[in-house]
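For the protein sequence lines, the chains are A and B, in the order given. Residue 1 is where the first sequence starts when you use our numbering, and the numbers rise one by one after that. Residue 1 is where the second sequence starts when you use our numbering, and the numbers rise one by one after that.
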Amino acid sequence: MAYNFEWGVLWTGENGRWLLQGIWTTLRLSALSWVFACALGVLAGALRTLPFRSLRALAACYVEFFRNVPLLVWLFFWYFGAPQALPRTAQDWLNLHGPEFWSAVVALSVYHGARMAEVIRAGIRSVPGALLEAALASGLSVGQAYRFVLIPVTLRLIIPPATNEALSLLKNSSLALTIGVAELTFMTRQIETYTGKAFEALTAGTLIYLILCLGVTSVMAQVERYVRIPGLIARVGTAEP
Amino acid sequence: MSFDWTVIVANWKFLLLQGLIGIGQFGGGTLRLAIPAMVLGFALGVIVGLCRLAQSRWIHYPALLYVELFRGVPLVMVIFWFWFLIPQLTGQRLPDYAVALAAFTVFEAAYIAEIVRAGVQAIPRGQVDAAMATGLPYGQMIVHVILPQAIRNVIPSLVTQFIVLFKDTSLASIIGMMDLTKAAQIVSQREIRPLEMYLFIAVVYWLFAYTMSRLSRRLEIKTSSA
Numbered sequence: 001m002a003y004n005f006e007w008g009v010l011w012t013g014e015n016g017r018w019l020l021q022g023i024w025t026t027l028r029l030s031a032l033s034w035v036f037a038c039a040l041g042v043l044a045g046a047l048r049t050l051p052f053r054s055l056r057a058l059a060a061c062y063v064e065f066f067r068n069v070p071l072l073v074w075l076f077f078w079y080f081g082a083p084q085a086l087p088r089t090a091q092d093w094l095n096l097h098g099p100e101f102w103s104a105v106v107a108l109s110v111y112h113g114a115r116m117a118e119v120i121r122a123g124i125r126s127v128p129g130a131l132l133e134a135a136l137a138s139g140l141s142v143g144q145a146y147r148f149v150l151i152p153v154t155l156r157l158i159i160p161p162a163t164n165e166a167l168s169l170l171k172n173s174s175l176a177l178t179i180g181v182a183e184l185t186f187m188t189r190q191i192e193t194y195t196g197k198a199f200e201a202l203t204a205g206t207l208i209y210l211i212l213c214l215g216v217t218s219v220m221a222q223v224e225r226y227v228r229i230p231g232l233i234a235r236v237g238t239a240e241p
Numbered sequence: 001m002s003f004d005w006t007v008i009v010a011n012w013k014f015l016l017l018q019g020l021i022g023i024g025q026f027g028g029g030t031l032r033l034a035i036p037a038m039v040l041g042f043a044l045g046v047i048v049g050l051c052r053l054a055q056s057r058w059i060h061y062p063a064l065l066y067v068e069l070f071r072g073v074p075l076v077m078v079i080f081w082f083w084f085l086i087p088q089l090t091g092q093r094l095p096d097y098a099v100a101l102a103a104f105t106v107f108e109a110a111y112i113a114e115i116v117r118a119g120v121q122a123i124p125r126g127q128v129d130a131a132m133a134t135g136l137p138y139g140q141m142i143v144h145v146i147l148p149q150a151i152r153n154v155i156p157s158l159v160t161q162f163i164v165l166f167k168d169t170s171l172a173s174i175i176g177m178m179d180l181t182k183a184a185q186i187v188s189q190r191e192i193r194p195l196e197m198y199l200f201i202a203v204v205y206w207l208f209a210y211t212m213s214r215l216s217r218r219l220e221i222k223t224s225s226a
């Protein structure tokens, strides 16, 4: 194996700036999608535990359809396919505001929202039934009991499996390179193309992902410590991917 | 905007025979990649999982590094690594199919190793003691006592991981391997019917993944009641 290492390519010229831009785009894409995915997940996960058959079925359809199809297919669908079905003005707005980025946000949010829904559902199921009964007995409506009692408790319980989901989302955001979002993997490839130094570029990308993953893990551990309910140590197992 | 579903009928042979199964001049194929990757990934995963539990630190630390490294990096990155490293190390270009198969095997083995490890750790200590008391050598104890029980316990998780692998094979299209996703991309560009095309392959992927997830759930009920 004859290969000349030139680690300098990672910071000379434009390359250092490209890497930083890639990191920034990856973080922005992941963070935005994470917020939407959690919102969708809480909604669909809660609906799946309600005593109304039609709402449960609706949420089940969403979850089962979206999580059983590859994310890459959803990316192509939301980027190439779905905008065609939008009205003309919406298409124009999208074309002005970076359709790649927003399609990736939608694809990641909807896909990971379906996966988060399973995590939330498992979490709600693990909360003792007496809690909901007590909330209802104290005069809260079903909606209020979920909003003020069940969801806040569940969200604290599910932090470990939710951390896995956050990591999975961060890593999956790399797929956005296929529709031309200039995130970290895209920039790694770009440096490789311009300099021909694949080994250095891939090493940089790999190490940055590992560091970002460690960062997410430690942030979530901090969050868990901060919101912990004193005296409660029950933990929910990881939901199936 | 109007739908035209006839593009699916007109291209079904290319999509399903070439893309899904892999029969045709381009090789590849989603199932032809997924099934060997499952078998090889499982075999490697069992080995790595057992190494992770080995007494010797020279065996378990490398296994730990392997698992943590591959689980901390996106699959796309791993595929690019293999794409670049294999020609560097072997001095020749391998077909896209071989590169994809190697990358998926190595990547999925890291996840399967963790599942196998959990299965082994769930076995009561008495099983090991009993096996050793009957005088079984270490290797036979692993093969005849530990692994059969460990794997039976984790079959639902394994099936779930196989579903993930099946969905992940769509990423092979990124390095140009002909699979269902690549076939749909080609047809969609030629016919300019992306909405119909991607919805169609979404349904095909869904049928396989959903069937496997029902199977996993049934196995879960069976193992928990037994």
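Glycine included, every Cβ here is placed at the ideal spot set by N, Cα and C.
Check                                                                                                                                                      : Outcome
Looking at the unbroken alpha helix (DSSP H) that takes in R217/A, where does it start and where does it end?                                              : Looking at the sequence provided, one finds Thr at residue 217/A rather than Arg. Looking at the DSSP string, the run of the alpha helix (DSSP H) that includes T217/A is A198 to V227.
Please determine, among I79/B, A113/B, T211/B and Y66/B, the residue with the shortest C-alpha to C-alpha distance to I174/B.                              : I79/B
If you measure from the beta carbon of Y198/B to each beta carbon in chain A, is any gap under 8 Å?                                                        : yes
Do V145/B and Q127/B have their beta-carbon atoms positioned less than 8 Å apart in this structure?                                                        : yes
With distances taken between CB atoms, is the gap from L10/A to E200/A smaller than 8 Å?                                                                   : yes
In whole angstroms, give me the CA-to-CA distance for S173/A and V76/B.                                                                                    : 10 Å
Check whether the Cβ of V73/A lies closer than 8 Å to any Cβ atom in chain B.                                                                              : yes
Just the Cα atoms here: how many angstroms apart are V9/B and T30/B?                                                                                       : 20 Å
Going by DSSP in three states, M177/B sits in which element: helix, strand or coil?                                                                        : coil
Establish whether the CB of A63/B and some CB of chain A are separated by less than 8 Å.                                                                   : no
Report the rounded CA-to-CA distance for F166/B versus A134/A, giving the unit in angstroms.                                                               : 44 Å
Report buried or exposed for T211/B, applying the criterion of at least 16 other Cβ atoms within 10 angstroms of its Cβ.                                   : exposed
Name the chain A residues that come within less than 7 Å of G72/B, Cβ to Cβ?                                                                               : Y209, L210 and C213
In three-state DSSP terms, what is I23/B?                                                                                                                  : coil
8 Å is my cut-off, CB to CB: does S88/B come that close to chain A?                                                                                        : The identity of residue 88/B in the sequence shown is Gln, whereas the question assumes Ser. True, the Cβ-Cβ gap to chain A drops below 8 Å.
Pick helix, strand or coil for Q55/B, following the three-state DSSP scheme.                                                                               : coil
Please state if the CB of V106/B and the CB of G49/B are separated by a distance shorter than 8 Å.                                                         : no
Between the Cα of G45/B and the Cα atoms of A202/B, V154/B and T223/B, which residue gives the shortest distance?                                          : V154/B
Using a cut-off of 9 Å between C-beta atoms, extract the partners of E64/A located in chain B.                                                             : W206, Y210 and S213
At 4 residues or longer, and completely inside the segment 46-114 of chain A: list those alpha helix (DSSP H) runs for me, N to C.                         : 53-67, 71-76 and 88-96
Just to confirm before moving on: does the CB-CB distance between R48/A and R121/A stay below 8 Å?                                                         : yes
So within the segment 134-185 of chain B, which uninterrupted alpha helix (DSSP H) runs reach at least 4 residues, ignoring any that extend past its ends? : 147-153 and 155-168
Just confirm the distance between the C-beta atoms of T178/A and L72/A, as a whole number of angstroms; I'd bet it's less than 8 Å.                        : 7 Å
Going by Cα to Cα distance, which pick from G91/B, E191/B, L195/B and A113/B is closest to Y3/A?                                                           : G91/B
When the cut-off is 8 Å and only beta carbons count, does I21/B lie next to chain A?                                                                       : no
So, M116/A versus E183/A, is the Cβ gap smaller than 8 Å?                                                                                                  : no
Taking the alpha-carbon positions, what's the D92/A to G98/A distance?                                                                                     : 11 Å
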